[in-house]
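Colleague: Take 1 as the starting number for the sequence shown in the working numbering and just add one per residue.
Even for Gly, the Cβ is constructed at its ideal location relative to N, Cα and C.
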Amino acid sequence: MFAKTLFTSIALFALLGQTAVARSYHDRPHRRRHWEGKFLHVTDIHVDPTYLEGSDPKQLCHRVSDLASNNTAGVYGALGTNCDSPIPLVESSFGFMHEHLQNVDFIIYTGKSNLRKSLSRTHYRMEIPATDIVIVFAICPGDTARHDRDVVVPRTSTDVLSDHKMVVDYFHKNFDTKRVKFIPTLGNNDEYLHDQIAFGPQPLLTNLTKLWAPFNLNLGETFANGGYFTQDVLPGKLQVISMNTGYFYAKNLLVSDCDKAGSAGDVQLQWIQANLQKARHGHYSVYLMQVYFD
Ligand SMILES: *[C@@H]1O[C@H](CO)[C@@H](O)[C@H](O)[C@H]1NC(C)=O
Ligand SMILES: *[C@@H]1O[C@H](CO)[C@@H](O)[C@H](O)[C@H]1NC(C)=O
1 MFAKTLFTSI
11 ALFALLGQTA
21 VARSYHDRPH
31 RRRHWEGKFL
41 HVTDIHVDPT
51 YLEGSDPKQL
61 CHRVSDLASN
71 NTAGVYGALG
81 TNCDSPIPLV
91 ESSFGFMHEH
101 LQNVDFIIYT
111 GKSNLRKSLS
121 RTHYRMEIPA
131 TDIVIVFAIC
141 PGDTARHDRD
151 VVVPRTSTDV
161 LSDHKMVVDY
171 FHKNFDTKRV
181 KFIPTLGNND
191 EYLHDQIAFG
201 PQPLLTNLTK
211 LWAPFNLNLG
221 ETFANGGYFT
231 QDVLPGKLQV
241 ISMNTGYFYA
251 KNLLVSDCDK
261 AGSAGDVQLQ
271 WIQANLQKAR
281 HGHYSVYLMQ
291 VYFD
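#1: Let me know the secondary structure DSSP gives residue 109 once reduced to three states.
#2: Under the three-state reduction of DSSP, which class applies to residue 18: helix, strand or coil?
#3: Closer than 7 angstroms: is that where the CB of residue 158 sits relative to any heavy atom of ligand 2?
#4: If you measure from each residue's Cβ to the nearest non-hydrogen atom of ligand 1, which ones come out under 6 angstroms, in chain order?
#5: Buried or exposed: which applies to residue 151, given that a residue is buried once 16 or more other Cβ atoms fall within 10 Å of its Cβ?
#6: Could you give the distance in angstroms between the alpha-carbon of residue 185 and the alpha-carbon of residue 235?
#7: Below 8 angstroms between beta carbons: does that hold for residue 183 and residue 191?
#8: What residues match up with residue 77 in a beta bridge as DSSP calls it?
#9: Does the region 92 to 99 come close enough to the region 168 to 180 to have 3 or more Cβ pairs within less than 8 angstroms?
#10: Beta-carbon within less than 6 angstroms of residue 114's beta-carbon, same chain only, minus the 5 sequence neighbours each way: which residues are those?
#11: For the alpha helix (DSSP H) containing residue 203, list its first residue and its last residue.
#12: I'd like to check one pair, residue 180 with residue 108: are the Cβ atoms closer than 8 angstroms?
#13: Just to check, is the beta-carbon of residue 209 closer than 7 angstroms to a non-hydrogen atom of ligand 2?
#14: By DSSP's criteria, residue 257 is part of a beta bridge. Which residues make up the other side?
#15: Comparing C-alpha positions only, which one of 240, 239 and 224 sits nearest to residue 264?
#16: Considering only heavy atoms of ligand 2, does any lie closer than 7 angstroms to the CB of residue 161?
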């Protein structure tokens, strides 16, 4: 558990080279036209601007130890420790994406610290009506900000927003976001307080709406109230539902249990169901995108 997160951050960055190919898997041989595209899944960036090269990983790579041999934090991170991602790691990862992964239709931006789960997420299969359109897209699930683990240097709400802004800027700099849609999902470290997100308008959501405005997302009322939204990738064919799973976890003390009628989780589940029904009637496919909280 302790060592997992940075490892995951690094490993996931290493995996960015893998783009998933989405294609219709139920095409019958006589239906020769099919839909095909690529998206990029970026996750758990956990950028830590306070990371200090040559510091002590036991102190979250923020401070040096008196014992020189304990100061093992490298330029690109401290593998197998609890440290977050240093800026050079983030920059080199974006550099790689810029160089080698432009040929995507959209980017999803998600979170979470389990390598195998994150890997499997890149292998989506989908049912799409036959069409000759070839799309390219990019998705980015959350967990942008550094973890709030350091009692000596606690994370402030301004830190969280500036980490978000940094990542938004990296995407802007490295992708033509007018062509490649950027679709984020809130992670459990993206809130001001770990795992805690209330229901209803709140500064975090207002600020994220502003920050993500250049991506031209469909952040309407549902995002303003609950941090979730639908985004058409290929209208009438493929939609992403970006969920806020923060309302489904007991650890979130700011909302009541989702089995209670009218709770944040209940409202969202009904919204998801209504959207899935719409998709079924409209014969289009949906990617459900979420971060699991731990
Ligand atoms: C150096 O690291 C070892 C092993 O984790 C630890 O036992 C020791 O207390 C550390 N020393 C200092 C001075 O931090
Ligand atoms: C976020 O936005 C609100 C309203 O626009 C503002 O008052 C607040 O200072 C901003 N910053 C944070 C950290 O919430």
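Modeller: With the given structure in hand:
#1: strand
#2: A caution first: residue 18 carries a pLDDT of 37, below 50, which makes its placement in the model unreliable, though a value can still be read off. Looking at residue 18 - three-state DSSP - the assignment turns out to be coil, as it is neither helix nor strand.
#3: yes
#4: 58, 65, 66, 67 and 70
#5: exposed
#6: Counting only the Cα atoms, residue 235 lies some 20 angstroms from residue 185.
#7: no
#8: 74
#9: By the Cβ criterion, the region 92 to 99 is in contact with the region 168 to 180, since at least three pairs of Cβ atoms, one from each stretch, lie closer than 8 angstroms.
#10: Per-residue confidence for residue 114 stands at a pLDDT of 30, beneath the threshold of 50, marking its modelled position as unreliable; no derived number is given.
#11: Annotation: the continuous alpha helix (DSSP H) that includes residue 203 extends over 203 to 211.
#12: no
#13: The answer is no for residue 209.
#14: DSSP lists no partner for residue 257.
#15: Selected option, being the one with the closest Cα: 224.
#16: Yes, Cβ of residue 161 sits closer than 7 angstroms to a heavy atom of ligand 2.
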